[in-house]
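Let me begin by presenting the structure, written as structure tokens, before commenting on it.
In the UniProt record's numbering, the protein residues as written are 1 to 64.
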């Protein structure tokens, strides 16, 4: 199976807010990747949608 390298662009990060937004793309084809699982230290937080987009809400400091 071919290894896919992901390129993660952080779109918005504001220290006083607890929401992270980003997209995940295949580095070679530059196409969005669907259903990528995003984890914090121990558990699944969210999966990307068909546009490679994900949003994580209510993250406490140091959990991500």
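By construction, the Cβ of each residue, glycine as well, lies at the ideal position given by its N, Cα and C atoms. All values derive from a computational prediction rather than experimental measurement.
query: Using the beta-carbon count (16 or more within 10 Å), is residue 20 buried or exposed?
result: Position 20 of the chain shown, counting from 1, holds the residue named residue 20. It counts as buried.
message: Determine whether the beta carbon atoms of residue 33 and residue 27 lie at a separation below 8 Å.
response: As a position in the chain shown, residue 33 is number 33, starting the count at 1. As a position in the chain shown, residue 27 is number 27, starting the count at 1. Not a contact, by the Cβ cut-off of 8 Å.
field: Terminal residues of the beta strand (DSSP E) in which residue 44 lies
entry: The count along the chain shown starts at 1 and reaches residue 44 at position 44. Secondary structure note for residue 44: its beta strand (DSSP E) is the uninterrupted segment 44-47.
query: What first and last residue would you give for the beta strand (DSSP E) that runs through residue 27?
result: Translated into positions along the chain shown, residue 27 becomes position 27. In this chain, residue 27 is not harboured by any beta strand (DSSP E), its DSSP state being neither H nor E.
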